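Notes for the one structure printed next.
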Amino acid sequence: MKKKFIITIALTLIMALFVTVALVGCENKDDNTGDDTAPEAVTVNVVVPDGSPAIAIAKLVSEKPTFAGYNISYSIVEGATQISAAILNDTANIAIAPLNLGATMYNMGMGVKLITTNVQGSLYMVGKNMPEGATTAEKLASLKGKVVYNIGQGATPDLTFKYILDHFGIDYVEGDTATAGVVTLNYVNTGSELIPLLKQGKAEYGIMGEPAVTKANSNAGTSTVFDIQALWQESTGSATAGFPQAGVFVKESLLTSEHAAFIEWFITKLQENDEWAPANAETVSSALTSAGSTSLAGLTSATIAACNLDTVKAADAKAAVNTYLGALFAFNAATVGGKMPDDAFFYAG
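The sequence shown maps to residues -22 to -1, 1 to 327 in mature numbering (1 follows the signal peptide of the UniProt record, and there is no 0).
Shown next as structure tokens:
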């Protein structure tokens, strides 16, 4: 009896020890779970200039799709200066920007790569009194002795038109007074600034992008006299109309293997926007205006279609990008940052 009692006590002690060890084991496991909490979400700030580049992300701004582990925000700014500042200051890690600005940022060592091109040219010249039935060369020559207004001095609209004038052998000067025998180029900052000048008769011709073109033709009594994309094709001998006017640039910190799935998802969402935006013009206007746009109210499907949205992965757009940047480089090397970007400029994912 005494022996059985001793055995019972021993078993009780062993069981108690087992339970204690088990509890300690569970407690340690809980501690490890606490140490292995999910990593902090990655912050992604996307910045785009107002206008057609903003339309390239309209579906994302409207629907705000999510990707696990990432907090994504979108900002619409006035122009290219704010884009480069945001990348330089690390307040944005994704930006839609003119291609030549992206090349310049890359050549300056700002740590960005091109992942897609998105706007394949949305520039047009509007005006009055263009000769009817004339050839392209004759129409351009008729601009001699007149002032042509342009948005963005030194930026894509300006550089592209100067290249076209050079190709057609037409001299130009910069100023605000018409000069015989040459085209005088004068500048404003935005299409919104140019439209009143056209309406008041203070400007006869102006180069701007959609959607400002549609607004000018509706409100200022102008018509579209040149498709800059078509002029570019004729000037460069390109096989296709248009040029990669703007693309998506991403900081290299977001282009490592651990972020590859997110980048692929983001590209897919951009591609979905290409067809969605023209079919949902009212939603596009509402979403982008709420996000800070001052120029995208009242969009129509036709206006969005004229923006030539087409998301092309960098690897597939390489030839078109090099052709476009090569033309600008030959015209003025400083426009692309002093040299042509090398192959590492193109995201290969």
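Note that the Cβ used here is the ideal one computed from N, Cα and C, for glycine as well.
Note that the structure is predicted; figures quoted are calculated from it, not measured.
{"Check": "Length at least 4, wholly inside the stretch 48 to 74: the alpha helix (DSSP H) runs in chain order", "Outcome": "58 to 66"}
{"Check": "Alpha carbon of residue 187 to alpha carbon of residue 306, nearest angstrom", "Outcome": "19 Å"}
{"Check": "Beta-carbon proximity of residue 108 to residue 203, cut-off 8 Å", "Outcome": "yes"}
{"Check": "Straight-line gap, residue 31 to residue 175 (C-alpha atoms, nearest Å)", "Outcome": "25 Å"}
{"Check": "Terminal residues of the alpha helix (DSSP H) in which residue 184 lies", "Outcome": "Careful: residue 184 lies outside any alpha helix (DSSP H), inside the beta strand (DSSP E) at 183 to 187."}
{"Check": "Contact between the stretch 208 to 226 and the stretch 296 to 305 (3+ Cβ pairs under 8 Å)", "Outcome": "yes"}
{"Check": "Chain-order list of residues whose beta-carbon lies under 7 Å from that of residue 267 (same chain, five-residue window excluded)", "Outcome": "274, 275"}
{"Check": "Bridge partner(s) assigned by DSSP for residue 165", "Outcome": "128"}
{"Check": "6 Å Cβ shell around residue 289 - same chain, five flanking residues per side excluded", "Outcome": "94, 96, 248, 249, 252"}
{"Check": "Own chain residues within Cβ distance below 7 Å of residue 29, not counting five before or after", "Outcome": "187, 273"}
{"Check": "First through last residue of the alpha helix (DSSP H) which encompasses residue 152", "Outcome": "Not the alpha helix (DSSP H): residue 152 falls in the beta strand (DSSP E), residues 150 to 152."}
{"Check": "Close Cβ partners of residue 314 (< 8 Å) along its chain, the five nearest in sequence each way excluded", "Outcome": "78, 81, 82, 85, 303, 306, 307"}
{"Check": "Secondary structure of residue 121, DSSP reduced to three states", "Outcome": "coil"}
{"Check": "Cβ pair residue 189, residue 277 closer than 8 Å", "Outcome": "yes"}
{"Check": "Close-in-space but distant-in-sequence residues of the same chain around residue 332 (CB under 7 Å, 5 per side omitted)", "Outcome": "A question about residue 332 goes unanswered here, because the residues of the chain that appear run from -22 up to 327."}
{"Check": "Helix, strand or coil at residue 27 [DSSP, three-state]", "Outcome": "strand"}
{"Check": "Which listed residue (65, 61, 101, 44) has its alpha carbon closest to that of residue 284", "Outcome": "101"}
{"Check": "Euclidean distance between Cα positions of residue 37 and residue 265", "Outcome": "8 Å"}
{"Check": "Bridge partners - residue 102, DSSP secondary structure assignment", "Outcome": "186, 205"}
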